[in-house]
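Reviewing the structure listed below.
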Ligand SMILES: Nc1ncnc2c1ncn2[C@@H]1O[C@H](COP(=O)(O)OP(=O)(O)O)[C@@H](O)[C@H]1O
Ligand SMILES: [Mg+2]
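Numbering (this note's numbering), first residue to last: -14 to 428.
Spelled out as structure tokens, the structure:
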């Protein structure tokens, strides 16, 4: 690779050359579209244009393609023998990214894009071995020692995860630029049964009618992991060919670096997201309101801007993607503590504190009818209560999962009941609920 080429990376969207990512001597990043590119905009923030994009939007957009955790980036850099900068990491791990984007060093374009099906069969035991290494490493380095050196994919997020292809009951690792179609996560470190709780929350959302990525808990030898279908991939049913669909998360769409993904740290708030989604297709704004209410009613505290994405079907069009990474914190909450949602509704982010005035404030700020908003919150609370048991029954039983499901069900029923009451009564009758008071014995 020449010194000049090292400062320039080619950016592809759905295999079409979208433009170039360049790094100046001082490390500043710029992006310029290829003028013959006809595909979707790279980002809501960077619509197709003849000018060069520079500054925060460019840095944030590419930064968000990498894992959030510095230690994971350090591990990736050590594996590849580079520094932890966004540019060198993408030069090594940009061949399979969220959505349809690929970022590749110009010298590698030919070999990467023509490599064809670089898939290698993996047995369940080999996947289990990888998951075991991830879990062993988790406390220490979080290095990427469990991956093969010829895997060049990257995904955002805090949890360590593996991008694989699943087809016809077989599992494959994705080498070179091969596209994955599932994400396998062992669950958040330190929270007993978190994979199960995440799956249950996702299954619940789906049953409540919210478009949600499909998930299941899958045993790999003795390890239960979450297997999430990638909605940004389409797998042809007969050939198994995987094609990519362009997406960006809401940090990318708002020019926010991953370190600021929480509204409390200066990241996108619900009104900011509403502003963005009102211009989107497919009822995106009302689907986002549903998601906010669902997260509030299920104590899913971690729904920050990187846990929402928009899909870009074609140029100048975008819509809210199916929901992913929904996880109730209810079973892990301790009595007498305040737990906060990543995004406030009408200024209220405390779990158990949503009330009539919060909905009125949110409705007013976003041009909604507060009565209709309260009706929808009520309807979702009913749907959640009705679907908790069936969603839990749907998931495969594992050691400890019955107790965890019972605790979750009991606490979420209490949260929904209290919220249904609080959104109808005036201020003096409002009573916040501490759902951590409910233990298995008291349900
Ligand atoms: N089902 C999915 N389809 C497509 N992309 C996904 C899906 N789930 C997650 N992602 C992408 O992968 C990233 C990390 O996944 P996520 O489940 O949020 O992990 P974490 O628990 O580490 O935050 C997300 O920010 C999103 O870009
Ligand atoms: Mg996430």
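Glycine included, every Cβ here is placed at the ideal spot set by N, Cα and C.
(message) Does the structure place the segment 353 to 367 close enough to the segment 164 to 179 that three or more beta carbon pairs sit under 8 Å?
(response) no
(message) Check whether the segment 312 to 319 and the segment 386 to 402 touch, using three or more Cβ-Cβ pairs below 8 Å as the test.
(response) yes
(message) Counting C-beta neighbours from all protein chains within 10 Å, is the total for residue 226 16 or more, i.e. buried, or is it exposed?
(response) By the neighbour-count criterion, in which 16 or more other beta carbons inside 10 Å mark a residue as buried, residue 226 falls on the exposed side.
(request) For the beta strand (DSSP E) holding residue 148, just list the boundary residues, first then last. (result) 147 to 152
(message) Using only CA atoms, which one of 9, 12 and 288 lies nearest to residue 142?
(response) 288
(request) State the start and end residues of the unbroken alpha helix (DSSP H) segment that holds residue 46. (result) 41 to 48
(request) Please report how far the alpha carbon of residue 423 lies from the alpha carbon of residue 50, in whole angstroms. (result) A direct Cα-to-Cα measurement between residue 423 and residue 50 gives close to 40 Å.
(request) Could you say if the segment 399 to 415 and the segment 316 to 326 meet the contact criterion of at least three C-beta pairs nearer than 8 Å? (result) no
(request) Take residue 285 and list the residues in its own chain whose beta-carbon comes closer than 8 Å to its own, dropping the five residues that flank it on each side. (result) 186, 279, 311, 312, 313, 314 and 326
(message) Once the 5 residues before and after residue 270 are set aside, which same chain residues still bring their CB inside 7 Å of it?
(response) 259, 262 and 263
(request) Give the DSSP-derived three-state secondary structure of residue -5 in the structure shown. (result) strand
(message) Using CA atoms only, rank isn't needed, just tell me which of 256, 30, 204 and 39 is closest to residue 8.
(response) 39
(message) In the DSSP output, what is residue 204 paired with across the bridge?
(response) 209
(message) Considering just the uninterrupted stretch of the beta strand (DSSP E) at residue 142, what are its terminal residues?
(response) Note, residue 142: premise wrong, no beta strand (DSSP E); not H, not E.
(message) Buried or exposed, going by whether 16 or more other CB atoms sit within 10 Å of the CB of residue 153?
(response) exposed
(request) Round the Cβ separation of residue 232 and residue 46 to the nearest angstrom and send it over; I've been treating them as touching at under 8 Å. (result) Beta-carbon to beta-carbon, residue 232 and residue 46 are separated by about 12 Å, too far to satisfy the 8 Å threshold.
(message) I'd like to check one pair, residue 303 with residue 265: are the Cβ atoms closer than 8 Å?
(response) Taking 8 Å as the Cβ cut-off, residue 265 and residue 303 qualify as a contacting pair.
(request) Collect the residues with a C-beta less than 6 Å away from any heavy atom of ligand 2 and give them in sequence order along the chain. (result) Those satisfying the condition are, in chain order, 142, 291, 292 and 310.
(request) Give a single yes or no on whether residue 213 has its beta carbon closer than 7 Å to a heavy atom of ligand 1. (result) yes
(request) May I ask you to check if the CB of residue 140 is nearer than 7 Å to at least one heavy atom of ligand 1? (result) yes
(message) One question on the structure: do residue 418 and residue 337 come within less than 8 Å of each other, judged by their Cβ atoms?
(response) yes
(message) If you reduce the DSSP assignment to three classes, tell me which class residue 167 lands in.
(response) If DSSP states are grouped into helix, strand and coil, residue 167 belongs with the strands.
(request) Confirm the yes/no value for this check: CB of residue 198, any heavy atom of ligand 1, distance under 7 Å. (result) The answer is yes for residue 198.
(request) Going by CA-CA distance only, name the one from 12, 10 and 6 that's closest to residue 31. (result) 6
(message) Could you check whether the Cβ of residue 317 sits closer than 7 Å to any heavy atom belonging to ligand 1?
(response) no
(message) Just to confirm before moving on: does the CB-CB distance between residue 60 and residue 133 stay below 8 Å?
(response) no
(request) Give the range of the alpha helix (DSSP H) segment to which residue 388 is assigned. (result) Element bounds for residue 388: 386 to 407.
(message) Given this structure, state the Cα-to-Cα distance separating residue 52 from residue 139, to the nearest angstrom.
(response) 7 Å
(request) Per DSSP, which residues does residue 330 bridge with? Please list them. (result) Within the DSSP bridge table, the entry for residue 330 names 333 as partners.
(message) Taking the beta carbon of residue 413 as the centre, do at least 16 other beta carbons fall within 10 Å, making it buried, or is it exposed?
(response) The residue is exposed, with fewer than 16 neighbouring Cβ atoms inside 10 Å.
(request) Using DSSP bridges, identify the partner residues of residue 304. (result) Per DSSP, 296.
(message) For residue 430 and residue 131, which I take to be in contact (beta-carbon distance under 8 Å), what is that distance rounded to the nearest angstrom?
(response) Nothing can be reported for residue 430: it is not among the residues displayed for the chain, which extend from -14 to 428.
(request) Quick one: give me the first and last residue of the alpha helix (DSSP H) that residue 358 is part of. (result) 355 to 379
(message) Please return the same chain residues whose Cβ sits closer than 7 Å to the Cβ of residue 243, not counting the five positions on each side in sequence.
(response) Cβ-Cβ distances below 7 Å link residue 243 to 48, 49, 53, 141, 236 and 291 in the same chain, with the five nearest sequence neighbours on each side left out; the list follows chain order.
(request) Kindly indicate the opening and closing residues of the alpha helix (DSSP H) around residue 259. (result) 255 to 262
(request) Return the chain-ordered list of same chain residues with a C-beta closer than 6 Å to the C-beta of residue 421, the five sequence neighbours on each side being excluded. (result) In its chain, beyond the 5 residues on either side, 318, 319 and 320 have a beta carbon closer than 6 Å to the beta carbon of residue 421.
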